[in-house]
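> When the letters of the sequence shown are read in order and numbered with my numbering, they come out as residues 273 to 670. From the three backbone atoms N, C-alpha and C, an ideal C-beta is built for every residue, glycine too.
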Amino acid sequence: MADQLRVLTLNCWGLKYVAKNRTERITAIAKELAKFDHDIIGLQEIWVFADYEHVRDSVLKRLPYSKFFYSGALGSGLALFSRFPIIGTSVHPYSLNGTPIDVGGGDWFVGKAAFSKLARQAAELGRYVISTGDFNSIPSTLPMALIREYAALSDSWAPRTPRRLYLLPLRHGRRHPIRRHRRLAAQFVLGGEAIGPYARKFLGKRLDYILYRQPVRPLTRPDDPLPVLQCIECNVVLTEKVPGRAFSYSDHFGLEATLEIRTGDQVPADLADAHNVWSTANSAGAAAPVSELSADSLSTTMQALAACYRFSANARARSSYSSCFASSFSWPRRLLVVAPTRMDKPIFILFTVFIAWLATTMLYEGFLYGNWECNALMNVIEELEIYKNSLEMQAGTS
């Protein structure tokens, strides 16, 4: 009988002071996770280290190995729990991930990974890749297209969903949307928050994924049979409200998948089935996976990056102008208030400090980080142009 890996992912919505009912929900999540029999659990938005410790202690008997990931100024909010020893970890920040002035977005402080490139490199080194988490993208978006095409990752959900529904919002099945279609109910309260209009219109957004792929077959052993990962089951979990409470476990549902490890004659001949078209090797047994960006995805990505470059350049100019304006504005104020009264002096000092801070911040944001982001964008655009030209050259010689 083939071995299996059971994987679960959940966005916990555990932002301190912001997430509603955080303590009660994390306690309930930890209690439920302790009942599960998964081999690997990946949690997102578990920002408070004490919450991580609580979950870790709850699942320790089943999952004795764990890791809380640190990244950026505020952390990454990511935690991993495993039945198997963790032999190595690393964090790869991505340079194009927002600006420091956008505190609300949080992306610059948290950091994001250059995910597709790393997944592809890992497979080329002969490793199996399993990725879980909240990707903040529905299946039909460009980021997921890049992951499917370039990283050659298979979606564990795809075999459970008819192809005609996989990339489209679900407009049917209101009666049992979770049980029958694994989608979000039309009327539900998640973590104390009502569902947004988009989610109500399309009966949910699918943002959480469990992705996987096989390693690239090494050139030195082209005929050696490698074990194959194949998803045999994928379900939504933690869909109910917390027992005795009026809110759910999180503003996301959990997602679980069972990956079967098949070897020898257990490997089906048609592994690259209708739902897994991004296979690890072509029929001729080539060493490289069939995973190249399509012309449409490549063109759309370059257009989006060009638009981002223009926006970043304009934002840099606006920030620099704001810095100059703030600096010049403080000097007339100094001339007007020649002899501030006892009542005006504290206000004058606070105003001067604020103007100095604003000018410095705008200078840093506009000139220093603005140039940093523009140069990073230009590097990526030129890399994509070289990649596009190489694909055109390969197509011309074939």
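Quick check on the burial criterion: 16 or more other C-beta atoms within 10 angstroms. Buried or exposed for V363?
Under this definition V363 is an exposed residue.
> Out of curiosity, what's the CA-to-CA distance linking I504 and T632?
Using only the alpha carbons, I get a separation of about 56 Å.
> Between which two residues does the beta strand (DSSP E) carrying I419 extend?
I419 -> not in any beta strand (DSSP E); alpha helix (DSSP H) instead, spanning 414-421.
> Can you tell me the Cα-Cα spacing of A648 and A386, whole angstroms?
A648 and A386: Cα-Cα distance of roughly 13 Å.
> Report whether the distance from the Cβ of V401 to the nearest heavy atom of the ligand GTP is below 7 Å.
The ligand GTP is absent from the structure shown, which contains no ligands of any kind.
> Taking the alpha-carbon positions, what's the R489 to A395 distance?
Cα to Cα, the separation comes out at about 9 Å.
> Going by the DSSP bridge assignment, what does N283 pair with across the sheet?
In the DSSP output, where bridge partners are listed per residue, N283 has Q316.
> Closest by CA to D275, which one among E532, I658, I358?
Among E532, I658, I358, the Cα nearest to that of D275 belongs to E532.
> Leaving out five residues on either side along the sequence, give the residues of the same chain with a beta carbon under 6 Å from the beta carbon of R355.
Only D311, L335 meet the Cβ criterion.
> Considering just the uninterrupted stretch of the alpha helix (DSSP H) at Q502, what are its terminal residues?
Q502 -> not in any alpha helix (DSSP H); beta strand (DSSP E) instead, spanning 500-509.
> DSSP three-state call for A351: helix, strand or coil?
Strand.
> Could you check how far apart the C-beta atoms of E317 and L287 are, in whole angstroms? I think they sit under 8 Å.
Correct: roughly 6 Å between the Cβ atoms.
> With distances taken Cα to Cα, identify the nearest neighbour of D523 among K292, R278, L280, L277.
Among K292, R278, L280, L277, the Cα nearest to that of D523 belongs to K292.
> Tell me the rounded alpha-carbon separation between S569 and A578.
Taking the straight line from one Cα to the other gives about 14 Å.
> Measure the CB-CB distance between T573 and L414 and report whether it falls below 8 Å.
Cβ distance < 8 Å, so T573 and L414 count as in contact.
> Go through its chain and collect everything with a Cβ distance to A567's Cβ below 6 Å, but skip five positions before and after it.
If we look at A567 and ignore the five residues flanking it on each side, it has no Cβ neighbours.
> Looking at C-alpha atoms only, which residue of I658, R517, A529 is the closest neighbour of V509?
The shortest Cα separation from V509 among I658, R517, A529 belongs to A529.
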